[in-house]
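Q: Have a look at the structure that comes next, please.
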Amino acid sequence: MLEERLKIESQDKMVEASLWTNNRSVPTDTRGSSVTTASDIDRAMLNVLEENARLLNQIEANILTSQAQNNIDLFHRTRSNINNLLQSMSQIPGIMSKMPRLPISVDEKLCSYLLPGVNLAQVLSSSYLKEEPRGNW
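Note that the sequence shown covers residues 114 to 250 in the working numbering.
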């Protein structure tokens with residue numbers, strides 16, 4: 114179900130990407146001075162989203178086959194992809210760079226349990242994740 118929805122969304126994004134002009138140059142690599150076209154950015158972002166869909170499907174398969182211990186690296190890669198996408202989006206001129214940060218709440222206990230050895234304070238300060246107040250359940 115998730116795979117079908119992502120496939121449809123991916124096709125929609127590819128149609129949107131083809132509508133962009135290809136002569137608009139924007140920097141995409143925050144580590145260097147690489148310059149590319151808007152459609153290249155869309156393709157790169159789409160590839161990362163598709164990779165995340167594959168990673169999440171693998172995580173689900175691992176859980177269903179009692180191999181959840183294999184998911185740690187997959188979660189790390191998924192999180193890294195999301196952080197890289199958010200960083201890339203903030204570098205794009207125009208409306209994407211003006212979007213407010215996503216109000217995401219991170220459960221520190223769960224994160225430290227699932228991702229041992231990860232310094233959550235470092236992750237939060239280096240990404241766009243922002244802890245929001247949580248209600249008592």
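Ideal placement from N, C-alpha and C gives every residue a C-beta, glycine not left out.
For Leu168, which residues from the same chain have a beta carbon less than 7 angstroms from its beta carbon, with the 5 sequence-adjacent residues on both sides left out?
A: Cβ within range, chain order: Leu187, Arg190, Thr191.
Q: So Asn194 and Glu164 are in contact, right, with Cβ under 8 angstroms, and what is the actual spacing, rounded?
A: That belief holds up - the Cβ atoms of Asn194 and Glu164 are roughly 6 angstroms apart, short of 8 angstroms.
Q: Roughly how far, in whole angstroms, is the beta-carbon of Ala166 from the beta-carbon of Asn175, given that I think they are within contact range, below 8 angstroms?
A: The pair is not a contact, with the Cβ atoms about 15 angstroms apart (cut-off 8 angstroms).
Q: Just the Cα atoms here: how many angstroms apart are Gly207 and Ile185?
A: About 36 angstroms.
Q: Using the Cα positions of Ser179 and Glu173, report the straight-line distance between them to the nearest angstrom.
A: Taking the straight line joining both Cα atoms gives about 10 angstroms.
Q: Looking only at its own chain, which residues have a Cβ that is under 8 angstroms from the Cβ of Val161, when we skip the five neighbours before and after it?
A: Closer than 8 angstroms at the Cβ level, and outside the excluded window around Val161, lie Asn194, Asn197, Leu198.
Q: Between the alpha carbons of Asn170 and Leu177, how many angstroms are there, rounded?
A: Roughly 11 angstroms between the two C-alpha positions.
Q: Starting from Thr191, trace the alpha helix (DSSP H) in both directions and tell me its first and last residue.
A: Segment 184-204, the alpha helix (DSSP H) holding Thr191.
Q: Which word fits Ser225, buried or exposed, when buried means at least 16 other C-beta atoms lie within 10 angstroms of its C-beta?
A: Looking at its Cβ environment, which holds fewer than 16 other Cβ atoms inside 10 Å, Ser225 is exposed.
Q: DSSP state of Ser179, grouped into three classes?
A: Residue state, collapsed to three classes: coil.
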